[in-house]
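Residue numbers (the working numbering): 290 to 468.
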């Protein structure tokens, strides 16, 4: 019997984003860092963390359900649809909110972050297994990005925070016991 390998999936996504792991379409190991807590942080703390060169990220599994192509219930194999969320924080200085060029540059950097992560997680060979050789059991060996959400916070005479959350989905094997 084997359950969904959620830890291996989360670990591998973090290795790709935070440590620059992967075989192709890799991310610089200094671009993002962990330490962004579940549930986020206050606007002041988010703005402080977003100033760092490495932008703080968080990786969590948001939902889990049966994949439409899963074999019937009662067998020793299921295919589950896993939704993984990646949250990224950036700081927007007050000047960047009123300077069109600076605002455009920041928006472009945020879009670049999204694209870099998307490319790395959509490349099949990157999600096969963790660095410790734990298989992720993702059926397609990749994740697809179906949605994103952007939130701006802070203000009132201080830096603003820009938080964006990317949601990726992919089918993964689970092997329930049948006896």
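Using N, Cα and C, we set each Cβ at its ideal position, and we do this for glycine too.
If you look at residue 395, you'll find it in the alpha helix (DSSP H) that goes 389-411. In the same chain as residue 385, and ignoring 5 residues on each side of it, the C-beta atoms closer than 7 Å to its own belong to 391, 392 and 395, in chain order.
One thing to note: residue 410 has its Cβ no nearer than 9 Å to the Cβ of residue 299. With contact defined as three or more Cβ pairs closer than 8 Å, the stretch 453-462 and the stretch 419-437 are in contact. Looking at 374, 348 and 379, the one whose alpha-carbon comes closest to that of residue 401 is 379. For residue 422, the number of other beta carbons within 10 angstroms of its own is below 16, and it is reported as exposed.
The continuous beta strand (DSSP E) containing residue 378 extends over residues 367-381. Looking at the DSSP output, residue 418 bridges to 424.
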